[in-house]
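Participant: One structure is given below, represented as structure tokens, and several questions about it will come after.
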Amino acid sequence: MKVLIADDHVEYCYTLQESFARMQWDALLAHSTADALGTLDRYAEALDLILLDIEFNGEQQTGMDVLAYARKHYPLVPVIMISGHGTLEMAVRATKLGAENFIDKATITTERLVEVVQAAATKRPTQEAQELLDFLASNGIIAQSKVMIEVARKILSIARYTINVMITGETGTGKRLVAQAIHAASNRSKHPFIAVNIPSIRPELFQSEMFGHVRGAFTGAHQDRRGFFHAANRGTLFLDEIGDLSPELQTILLVPIEEKRFHRVGSTDEETVDIRFLAATDRDLTTAIRNGTFREQLYYRLREVEITLPPLRERREDIELIAQHALQEHNRGLQNPKAFTPAALEYLRSQPWHGNVRELLSAVRAGFATAADRELITDADLIEATQRKHGNARNGAVVSASLLEDAKTAAEKDSISNALTQTRGNVTKAAALLGISRETLYNIMRKHGITPSQFRS
8 MKVLIADDHV EYCYTLQESF ARMQWDALLA HSTADALGTL DRYAEALDLI LLDIEFNGEQ
68 QTGMDVLAYA RKHYPLVPVI MISGHGTLEM AVRATKLGAE NFIDKATITT ERLVEVVQAA
128 ATKRPTQEAQ ELLDFLASNG IIAQSKVMIE VARKILSIAR YTINVMITGE TGTGKRLVAQ
188 AIHAASNRSK HPFIAVNIPS IRPELFQSEM FGHVRGAFTG AHQDRRGFFH AANRGTLFLD
248 EIGDLSPELQ TILLVPIEEK RFHRVGSTDE ETVDIRFLAA TDRDLTTAIR NGTFREQLYY
308 RLREVEITLP PLRERREDIE LIAQHALQEH NRGLQNPKAF TPAALEYLRS QPWHGNVREL
368 LSAVRAGFAT AADRELITDA DLIEATQRKH GNARNGAVVS ASLLEDAKTA AEKDSISNAL
428 TQTRGNVTKA AALLGISRET LYNIMRKHGI TPSQFRS
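When we follow my numbering, the leftmost residue of the sequence shown carries the number 8, and every step to the right adds one.
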């Protein structure tokens, strides 16, 4: 492993270099911001991590400037900020700029620092994996799990070919987003992506909606009308919830999908189109075929390749990332953004999420609203939101509004007390731990009658 240590304290650098050498790590040293920037430019591709001091005595530039440069030009290289006398405000700013961690030299041993560095470096995804995750994120799919990296790899491998794809997975797993990602990565991306929700189409209008009609084809057809097949020409037609289509209507799609030719309702003129077909379902179509409710011919015409999306409970490492991303969106434009308490995050990680990502996003949205003017979203907020959606508590009992409010108050008080206990009454550090401002923490403490002196020993 190769680490860049950028610090103006020469002896400290050599001490770390010796410790890293015992781990068989290669440490590059830089004692000024200029040296740090130069070394970064020369060795960025080989670096596994940067250990960067915040303050460089006698220089106008600081470690913050180096951090900003590193995040802009070399975003795949993790950065840990270190300081012997930096303020916590600096630490918060560093985190917002993209630092992996912030370490106080005065309170950490060299052995512990080695552990932190090793953990951060080994967590770093490969460049290919990061590019795949970035591709997913650019299409609205937030993930970091290995299984979703494989999904991204499969999307990109099949996107360039004009083959039909069946996307399967439980409700709420993001099948439509995957369909859009396939289209975006294909050579059809500059042409239309037309999504059709099959259950929303009335059976008697199915042919007209799909293929269009001519004037006078039926009562109410006062003019010629184009269908979804026309709209998707040269692009992609996404048939969402294809498993809900009746066997009679499935037959109507067989020839148009295979031969890409059809007739408008009321016309004998044949029309041709150039379309790539994507379909999605949360049903087991092989069972439906055996039961006679889904036609085998249509199944194989649509399923030239299959992508199966895992349920959220099988990729739990994505839950917090998705929730935090959603919270960030809700916080946009707020002067006092909200944050999850540790207990709230633990609650999110522990749930089965039968509705998958859609249900998780709904819970975050509801928890955000339930927290109202409070800046901390507690597990009680999320529990109340979940119970309100399902109509009762997890144990089946009806919970009164007053009891829920008591639970939220207790959860908020516990979160504050735990943070102050960990920081021995240091309000600034406790606020950083909770992800809120110091002023906000003081306001919450006053509300609950909490004083810092209770936690100083």
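Even for Gly, the Cβ is constructed at its ideal location relative to N, Cα and C.
A quick note: this is a predicted structure, and the numbers were derived from the prediction, not measured.
On the DSSP bridge assignment, give the partners of serine 90 in chain order.
Facilitator: The residue you call residue 90 lines up with position 83 of the sequence shown. Paired residue(s): Asp111.
Participant: Beta strand (DSSP E) containing histidine 270: first to last residue?
Facilitator: As a working note, residue 270 is residue 263 in the sequence shown. That run of the beta strand (DSSP E) goes 268-270.
Participant: Could you tell me which of Val221, Gln257, Ala392 sits nearest to proline 210, measuring between CA atoms?
Facilitator: Translated into the one-based positions of the sequence shown, residue 210 becomes position 203. Nearest option by C-alpha distance: Gln257.
Participant: Using CA atoms only, rank isn't needed, just tell me which of Arg308, Leu11, Gly250, Ala128 is closest to histidine 38.
Facilitator: Start at 1 with the first residue of the sequence shown, and residue 38 comes out as number 31. Selected option, being the one with the closest Cα: Leu11.
Participant: With DSSP run on the structure shown, which of helix, strand or coil describes valine 280?
Facilitator: Taking the sequence shown and counting its residues from 1, one reaches residue 280 at position 273. Valine 280 falls in the coil class under three-state DSSP.
Participant: How is methionine 173 classed by DSSP in three states: helix, strand or coil?
Facilitator: Residue 173 sits at position 166 when you count from the first residue of the sequence shown. If DSSP states are grouped into helix, strand and coil, methionine 173 belongs with the strands.
Participant: Helix, strand or coil: which one does DSSP assign to serine 407?
Facilitator: On the sequence shown, position 400 is the one that residue 407 refers to. Residue placement at serine 407 cannot be trusted, given a pLDDT of 48 that sits under 50; what the coordinates show is reported in the next sentence. It is coil, neither helix nor strand.
Participant: Quick one: grab the DSSP three-state call for asparagine 433.
Facilitator: As a working mapping, residue 433 is identified with position 426 in the sequence shown. Three-state DSSP puts asparagine 433 in coil, outside helix and strand.
Participant: Are valine 272 and isoleucine 329 touching if we call contact CB-CB under 9 Å?
Facilitator: In the sequence shown, residue 272 corresponds to position 265, counting from 1. In the sequence shown, residue 329 corresponds to position 322, counting from 1. Contact flag unset, no.
Participant: Can you give me the C-alpha to C-alpha distance between isoleucine 149 and threonine 40, rounded to a whole angstrom?
Facilitator: In the sequence shown, residue 149 corresponds to position 142, counting from 1. In the sequence shown, residue 40 corresponds to position 33, counting from 1. Rounded to the nearest angstrom, the two C-alpha atoms are 35 Å apart.
Participant: Let me make sure I understand the geometry here. Which of Ile264, Phe225, Ser460 has the alpha-carbon closest to that of asparagine 433?
Facilitator: Within the sequence shown, numbered from 1, the residue matching residue 433 stands at position 426. Comparing Cα-Cα distances from asparagine 433 to each of Ile264, Phe225, Ser460, the minimum goes to Ser460.
Participant: Quick one: grab the DSSP three-state call for phenylalanine 347.
Facilitator: Within the sequence shown, residue 347 is the residue found at index 340, counting from 1. Three-state DSSP puts phenylalanine 347 in a strand.
Participant: Do the CB positions of leucine 47 and valine 73 come within less than 9 Å of each other?
Facilitator: Position 40 of the sequence shown, counting from 1, holds the residue named residue 47. Position 66 of the sequence shown, counting from 1, holds the residue named residue 73. Result yes, Cβ atoms of leucine 47 and valine 73 sit closer than 9 Å.
Participant: Mark arginine 195 as exposed unless 16 or more other C-beta atoms lie within 10 angstroms of its C-beta, in which case mark it buried.
Facilitator: Numbered from its first residue, the sequence shown carries residue 195 at position 188. Buried, by the Cβ-count rule.
Participant: Run through DSSP, which three-state label would lysine 197 get?
Facilitator: Here residue 197 refers to the residue found at position 190 of the sequence shown. Coil.
Participant: May I ask you to report which of helix, strand or coil DSSP gives asparagine 338?
Facilitator: The residue you call residue 338 lines up with position 331 of the sequence shown. DSSP places asparagine 338 in helix when its eight states are reduced to three.
Participant: Taking only the alpha-carbon atoms, compute the straight-line gap between isoleucine 189 and threonine 117 and give it to the nearest angstrom.
Facilitator: As a first step, residue 189 is located in the sequence shown; it is residue number 182 there, counting from the start. As a first step, residue 117 is located in the sequence shown; it is residue number 110 there, counting from the start. Computed Cα separation, rounded: 48 Å.
Participant: Does the beta-carbon distance from glycine 242 to arginine 283 come in below 9 Å?
Facilitator: Taking the first residue of the sequence shown as position 1, residue 242 is located at position 235. Taking the first residue of the sequence shown as position 1, residue 283 is located at position 276. Yes. Within cutoff.
Participant: Classify leucine 120 as helix, strand or coil using the three-state DSSP reduction.
Facilitator: Working through the sequence shown from its first residue, we reach residue 120 at position 113. Helix at leucine 120.
Participant: Indicate whether methionine 88 and isoleucine 61 have their beta-carbon atoms separated by less than 9 Å.
Facilitator: Taking the first residue of the sequence shown as 1, we reach residue 88 at position 81. Taking the first residue of the sequence shown as 1, we reach residue 61 at position 54. A contact, by the Cβ cut-off of 9 Å.
Participant: Use the C-beta contact count for phenylalanine 385: other C-beta atoms within 10 angstroms, 16 or more gives buried, fewer gives exposed.
Facilitator: Residue 385 sits at position 378 when you count from the first residue of the sequence shown. First, the residue type needs correcting, since residue 385 is threonine and not phenylalanine in the sequence shown. When all chains shown are included, threonine 385 counts as buried.
Participant: Identify the continuous beta strand (DSSP E) that holds leucine 56 and give its terminal residues.
Facilitator: By 1-based counting over the sequence shown, the position of residue 56 is 49. It spans 56-60 - the beta strand (DSSP E) in which leucine 56 sits, taken as one unbroken run.
Participant: If we count Cβ pairs, one from each stretch, closer than 8 Å, do we get three or more for the stretch 368-378 versus the stretch 334-346?
Facilitator: At 8 Å Cβ cutoff, the stretches touch.
Participant: So is asparagine 399 buried or exposed if we call it buried at 16+ other beta carbons inside 10 Å?
Facilitator: Position 392 of the sequence shown, counted from the first residue, corresponds to residue 399. Residue confidence is low: asparagine 399 scores 46 on pLDDT, short of 50, so the model does not pin down where it sits. Its coordinate-derived value is still stated next. Asparagine 399 is exposed by the Cβ-count criterion.
Participant: Buried or exposed: which applies to serine 145, given that a residue is buried once 16 or more other Cβ atoms fall within 10 Å of its Cβ?
Facilitator: Taking the sequence shown and counting its residues from 1, the one referred to as residue 145 is at position 138. Looking at its Cβ environment, which holds fewer than 16 other Cβ atoms inside 10 Å, serine 145 is exposed.
Participant: Let's see if you can read the secondary structure: which residues bound the beta strand (DSSP E) around leucine 244?
Facilitator: Mapped onto the sequence shown, residue 244 falls at position 237. It spans 243-247 - the beta strand (DSSP E) in which leucine 244 sits, taken as one unbroken run.
Participant: From histidine 198 to aspartate 281, what distance separates their C-alpha atoms?
Facilitator: The residue labelled residue 198 in the question sits at position 191 within the sequence shown. The residue labelled residue 281 in the question sits at position 274 within the sequence shown. Their backbone Cα atoms lie some 11 Å apart in a straight line.
Participant: Under 9 Å, Cβ to Cβ, is there at least one residue of chain C near leucine 292?
Facilitator: The question asks about chain C, but that chain is absent: this structure has only one protein chain.
Participant: What residues are listed by DSSP as bridge partners for threonine 315?
Facilitator: Indexing the sequence shown from 1 puts residue 315 at position 308. The partner list for threonine 315 (beta bridge, DSSP) reads Thr175.
Participant: In the DSSP assignment, find the unbroken alpha helix (DSSP H) run with alanine 13 in it and report its ends.
Facilitator: Mapped onto the sequence shown, residue 13 falls at position 6. Run containing alanine 13: none in the alpha helix (DSSP H); it sits in the beta strand (DSSP E), 9-13.
Participant: Please determine, among Gln358, Ile156, Lys420, Ala106, the residue with the shortest C-alpha to C-alpha distance to leucine 383.
Facilitator: In the sequence shown, residue 383 corresponds to position 376, counting from 1. Considering only alpha carbons, the answer is Lys420.
Participant: From the DSSP output, read off the bridge partner residues of arginine 232.
Facilitator: Walking along the sequence shown from the start, residue 232 turns up at place 225. Partner(s): His220.
Participant: Taking the beta carbon of phenylalanine 213 as the centre, do at least 16 other beta carbons fall within 10 Å, making it buried, or is it exposed?
Facilitator: Translated into positions along the sequence shown, residue 213 becomes position 206. Under this definition phenylalanine 213 is a buried residue.
Participant: Indicate whether leucine 244 and valine 203 have their beta-carbon atoms separated by less than 9 Å.
Facilitator: Your numbering for residue 244 matches position 237 in the sequence shown. Your numbering for residue 203 matches position 196 in the sequence shown. Yes, these two residues count as a Cβ contact at 9 Å.
Participant: Name the DSSP bridge partner or partners of alanine 376?
Facilitator: The residue given as residue 376 occupies position 369 in the sequence shown. DSSP lists no partner for alanine 376.
Participant: Tell me whether the beta-carbon of alanine 53 lies closer than 9 Å to the beta-carbon of isoleucine 174.
Facilitator: In the sequence shown, residue 53 corresponds to position 46, counting from 1. In the sequence shown, residue 174 corresponds to position 167, counting from 1. No; because the gap between Cβ atoms is not below 9 Å, this pair is not in contact.
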